[in-house]
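A.B. asks: In order, the protein sequence lines correspond to chains V and R.
If you're matching positions, the first sequence starts at 20 in my numbering and goes up one per residue.
If you're matching positions, the second sequence starts at 94 in my numbering and goes up one per residue.
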Amino acid sequence: MSIQVYIPTPFRRATRNADRVAVDAPDVRALLDDLEGQFGALKGLVRNEQGEVHHHVNIYVNNEAIEALQGLDTTLKDGDEVSIIPALAGGGPARAGGRG
Amino acid sequence: MILTPEELVQVQAQAAAEYPSECCGVLLARGEPASDRLLMRCRNVQNELHAKDPVRHPRDARTAYFIDPKDLLTIGRREGEGYRVATIYHSHIDTGAYFSATDRQNALINGEPAYPDAVYVVLSVVERRVVDAAAFVWDPSAHDFAPTELQKP
Numbered sequence: 020m021s022i023q024v025y026i027p028t029p030f031r032r033a034t035r036n037a038d039r040v041a042v043d044a045p046d047v048r049a050l051l052d053d054l055e056g057q058f059g060a061l062k063g064l065v066r067n068e069q070g071e072v073h074h075h076v077n078i079y080v081n082n083e084a085i086e087a088l089q090g091l092d093t094t095l096k097d098g099d100e101v102s103i104i105p106a107l108a109g110g111g112p113a114r115a116g117g118r119g
Numbered sequence: 094m095i096l097t098p099e100e101l102v103q104v105q106a107q108a109a110a111e112y113p114s115e116c117c118g119v120l121l122a123r124g125e126p127a128s129d130r131l132l133m134r135c136r137n138v139q140n141e142l143h144a145k146d147p148v149r150h151p152r153d154a155r156t157a158y159f160i161d162p163k164d165l166l167t168i169g170r171r172e173g174e175g176y177r178v179a180t181i182y183h184s185h186i187d188t189g190a191y192f193s194a195t196d197r198q199n200a201l202i203n204g205e206p207a208y209p210d211a212v213y214v215v216l217s218v219v220e221r222r223v224v225d226a227a228a229f230v231w232d233p234s235a236h237d238f239a240p241t242e243l244q245k246p
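1) On the DSSP bridge assignment, give the partners of R:ARG247 in chain order.
2) How many angstroms separate the CA atom of V:PRO105 from the CA atom of R:GLU220?
3) What does the alpha-carbon distance come out to for the pair V:GLN23 and V:GLU55?
4) Looking only at its chain, what residues have a beta carbon closer than 8 Å to the beta carbon of R:ALA109, apart from the 5 residues adjacent to it on each side?
5) By the three-class DSSP mapping on this structure, what secondary structure does R:PRO162 have?
6) Applying the 10 Å Cβ sphere with the 16-neighbour rule, what's the burial state of R:ASN203?
7) Between the region 124-133 of chain R and the region 184-195 of chain R, are three or more C-beta pairs nearer than 8 Å?
8) To which residues of the same chain is R:CYS135 closer than 7 Å at the C-beta, ignoring the five residues directly before and after it?
9) Terminal residues of the continuous beta strand (DSSP E) containing V:ASN77?
10) With R:VAL51 as the anchor, note down where its beta strand (DSSP E) starts and where it stops.
11) In whole angstroms, what separates the C-alpha of V:GLY63 from that of V:THR93?
12) With 7 Å as the limit, tell me which residues of the region 83-112 of chain V have their beta carbon closer than that to any beta carbon of chain R; keep them in chain order.
13) V:ASN77 versus chain R: which residues are under 7 Å apart at the beta carbon?
14) What's the gap between the Cα of R:LEU142 and the Cα of R:PRO240?
15) In this structure, how does DSSP classify V:VAL65 when only helix, strand and coil are distinguished?
16) Can a CB atom of chain V be found closer than 9 Å to the CB of R:ASN140?
Structural data, given as structure tokens:
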């Protein structure tokens, strides 16, 4: 069984510039365990110390966010594509019209 | 070129139309020089995040942007087609076109730039008019973002 994992630009420094990685895993949690085993630098980038996915990181199985599936327990099947994508966010001062 | 005059006009129009919410989007580029360009207007979902969880997301779209994860997935797919994120833009409402502390914080992952080769463009929108725009790039020697030249609106 092979799951294709898409690695976006912000995380490629942790995957030795690999943009796609093939992983054999029954669910998303095991997939992340496998990835972190292959690429130690990914530890802490995707999940916190409690093993929860950072709120600024989105994980998709094919086109579905895992929050809409079974989260880290989402099962995977041969040919699935998983994407791990950090948020793009920012903004002005805490109060409109201010500066900070 | 960070944004062509035509692209800048489109971004300014978006920023004015979405006032008083911050607008956001990216320019995807492919090739050297970046002749194959895609200006991708993104959806700011900050208001939805704020309504759903105001503790985790205390700001609304008037003072923050958060690109719709669906747009991020599209960007990711385009990256798979050889495009790179060349420019990331957003607007500030009734304040200046500067790279805010929040912008900086969110552009970093573990202290390193998420998109070290991208240019960040910030537009200032006051009373629905774009009054200024500025660009910022990562300066590795200073380990910080620094202003760079952008054609003025």
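Backbone N, C-alpha and C define an ideal beta-carbon position, used for all residues, glycine too.
C.D. replies: According to the structure data:
1) In the structure displayed, chain R extends from 94 to 246; residue 247 of chain R sits before or after that span and is not available.
2) Counting from one through the first sequence, the residue named residue 105 of chain V turns up at place 86. Counting from one through the second sequence, the residue named residue 220 of chain R turns up at place 127. Distance between the alpha carbons of V:PRO105 and R:GLU220 is about 32 Å.
3) Translated into the one-based positions of the first sequence, residue 23 of chain V becomes position 4. Translated into the one-based positions of the first sequence, residue 55 of chain V becomes position 36. C-alpha separation (whole angstroms): 15 Å.
4) For this step, residue 109 of chain R is matched to residue 16 along the second sequence. The residues VAL218, ARG221, ARG222, VAL223, in chain order, have a CB closer than 8 Å to that of R:ALA109 in the same chain once the five nearest residues on each side in sequence are set aside.
5) What you label residue 162 of chain R is simply residue 69 of the second sequence in a count that begins at 1. For R:PRO162, the secondary structure class from DSSP, reduced to helix, strand or coil, is helix.
6) The residue given as residue 203 of chain R occupies position 110 in the second sequence. It is exposed - the Cβ of R:ASN203 has fewer than 16 other Cβ atoms within 10 Å.
7) Inter-segment contact for the region 124-133 of chain R and the region 184-195 of chain R is absent: fewer than three beta-carbon pairs are separated by less than 8 Å.
8) In the second sequence, counting from the first residue as 1, residue 135 of chain R sits at position 42. Answer for R:CYS135: CYS117, GLY118, VAL119, ILE160, ASP161, ASP164, listed in chain order.
9) Locating residue 77 of chain V in the first sequence gives position 58, counting from the first residue. Run containing V:ASN77: 76-80, per the beta strand (DSSP E) assignment.
10) Absent from the structure is residue 51 of chain R, since the part of chain R shown begins at 94 and ends at 246.
11) Mapped onto the first sequence, residue 63 of chain V falls at position 44. Mapped onto the first sequence, residue 93 of chain V falls at position 74. V:GLY63 and V:THR93: Cα-Cα distance of roughly 21 Å.
12) Per Cβ criterion, the list reads ALA84, SER102, ILE104, PRO105, ALA106, LEU107, ALA108, GLY109, GLY110, GLY111, PRO112.
13) On the first sequence, position 58 is the one that residue 77 of chain V refers to. Those within 7 Å of V:ASN77 in chain R are PRO162, LEU165.
14) Within the second sequence, the letter at position 49 stands for residue 142 of chain R. Within the second sequence, the letter at position 147 stands for residue 240 of chain R. Looking at the two C-alpha atoms, the distance is approximately 30 Å.
15) By 1-based counting over the first sequence, the position of residue 65 of chain V is 46. Coil.
16) Within the second sequence, numbered from 1, the residue matching residue 140 of chain R stands at position 47. By this cut-off, R:ASN140 is not an interface position.
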